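Residue numbers 1 to 167, in the UniProt record's numbering, belong to the letters of the sequence shown in order. No residue lacks a Cβ here, since even glycine has one placed at the ideal position from N, Cα and C. This structure is a prediction, so every number in the text was calculated from the model and none was measured. Okay, so here's the structure we're looking at.
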Amino acid sequence: MSSYNPAFSDNSNNYTTQNLLILSGVSFGFIIVLIAIAILCERFYCRRWNQNTAVVPDAPRSHNTVYGLSPSTIAHLPTFGYKRYDNEGSGGGGWLQCAVCLSMVQEGEEVRQVPICKHMFHQECIDMWFYSHSTCPLCRTKVEGPEEVKVRDNQYYNSPGITSVNM
């Protein structure tokens with residue numbers, strides 16, 4: 001009489017292979033989750049560290065070539081603490097993303113606003129941008145110093161082609 005021996009059956013081999021595949025999949029998923037958490041922590045802590053350090057250009061500028069804005073022009077740009085507004089009609093729900101570092105701006109963080117186009121960015125990010133550029137990172141509008149803005153505004157309002165209409 002022959003007896004059934006499960007150790008030599010094909011079913012036990014299938015279960016072992018199936019268990020090995022499940023264990024491999026779970027391990028791979030766990031590794032992916034750990035990598036994602038590490039990346040998020042690195043971005044958060046590096047950004048916080050950058051906020052606590054001074055923004056200093058890497059090399060002195062040449063006197064013949066001007067690439068960005070002067071530090072005094074940058075200092076005159078409007079700076080304020082960000083406040084999220086839920087009723088903005090931009091479709092973003094009042095959230096602001098800094099186009100320089102691609103991070104969301106949190107409430108209370110210092111932001112600078114480009115006067116002409118009204119785009120806002122983290123203060124540290126846009127300051128670094130303006131050391132080497134003189135335009136808005138989003139729309140490429142030329143950023144002007146306070147004296148240039150006053151002259152431009154006076155020319156606009158006092159130009160002979162504009163007349164007032166009383167209704």
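>> Give me the DSSP bridge partner(s) of Glu110.
In response: Gly81.
> Helix or strand or just coil, what does DSSP make of Gln18?
Replying inline: helix
>> Using a Cβ distance threshold of 8 Å, determine whether the region 107 to 120 contacts the region 35 to 45, with at least three qualifying pairs required.
In response: no
>> Using C-beta distances below 7 Å, list every residue in its chain close to Pro160, excluding the 5 sequence neighbours before and after it, in chain order.
In response: Low local confidence applies: a pLDDT of 38 at Pro160 is under 50, so the model's placement there is unreliable, and no value is given.
>> Quick check on Trp95: buried or exposed, where buried means 16 or more other Cβ atoms within 10 Å of its Cβ?
In response: exposed
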